[in-house]
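Visitor:
Residue numbers (our numbering): 26 to 160.
1) What are the start and end residues of the beta strand (DSSP E) that includes residue 57?
2) Please look up how many angstroms separate the CB atoms of residue 122 and residue 142, rounded, as I've assumed it's under 8 Å.
3) Going by CA-CA distance only, name the one from 112, 99, 48 and 44 that's closest to residue 136.
4) Can you look up residue 88 in the DSSP assignment and give me helix, strand or coil?
5) Closest by CA to residue 119, which one among 34, 29, 28 and 30?
6) Hey, would you say residue 131 sits closer than 8 Å to residue 99, going by beta carbons?
7) Among 68, 111, 82 and 151, which one has its Cα closest to the Cα of residue 129?
8) For residue 156, which three-state DSSP category applies?
9) Looking at C-alpha atoms only, which residue of 29, 36 and 30 is the closest neighbour of residue 155?
10) Along the chain, where does the alpha helix (DSSP H) that runs through residue 107 open and close?
11) Under the assumption that residue 189 contacts residue 63 (Cβ atoms under 8 Å), give the Cβ distance between them as a whole number of angstroms.
12) Determine the burial state of residue 76: buried for a count of at least 16 other Cβ atoms within 10 Å of its Cβ, exposed for fewer.
13) Determine, using beta carbons only, whether residue 84 and residue 61 come nearer to each other than 8 Å.
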């Protein structure tokens, strides 16, 4: 498992809602980051529906305190071949998920998500936070 964990949107959502106690405890002792794509998904979630002001504040505070990594040209160079490979395998990912997976691969991070579709991404180190805590 890579030293740095990259949190997917569902992991962040569970954390801010207090639904991922094991992951929250593990993050006290591990380096973690999130993709700017995850930030975009969180901001979309806040914009599309009325939300509890306390939850909005928690998300805003988390975003300010988290290492948010930019999606770069290196990510883009890796995206095309990865998308083609997954489609050829009959295992395409949702568009935003594929962007996040590509980002984790490019940054050499372990992707933390409950979305088991990431397990099909060749070369991606993936951790399902719902099954156990990362070491």
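Ideal placement from N, C-alpha and C gives every residue a C-beta, glycine not left out.
Guide: The structure says:
1) 56 to 60
2) 7 Å
3) 48
4) helix
5) 34
6) yes
7) 151
8) coil
9) 36
10) 98 to 113
11) Because the chain spans 26 through 160 in this model, residue 189 falls outside it and cannot be assessed.
12) exposed
13) no
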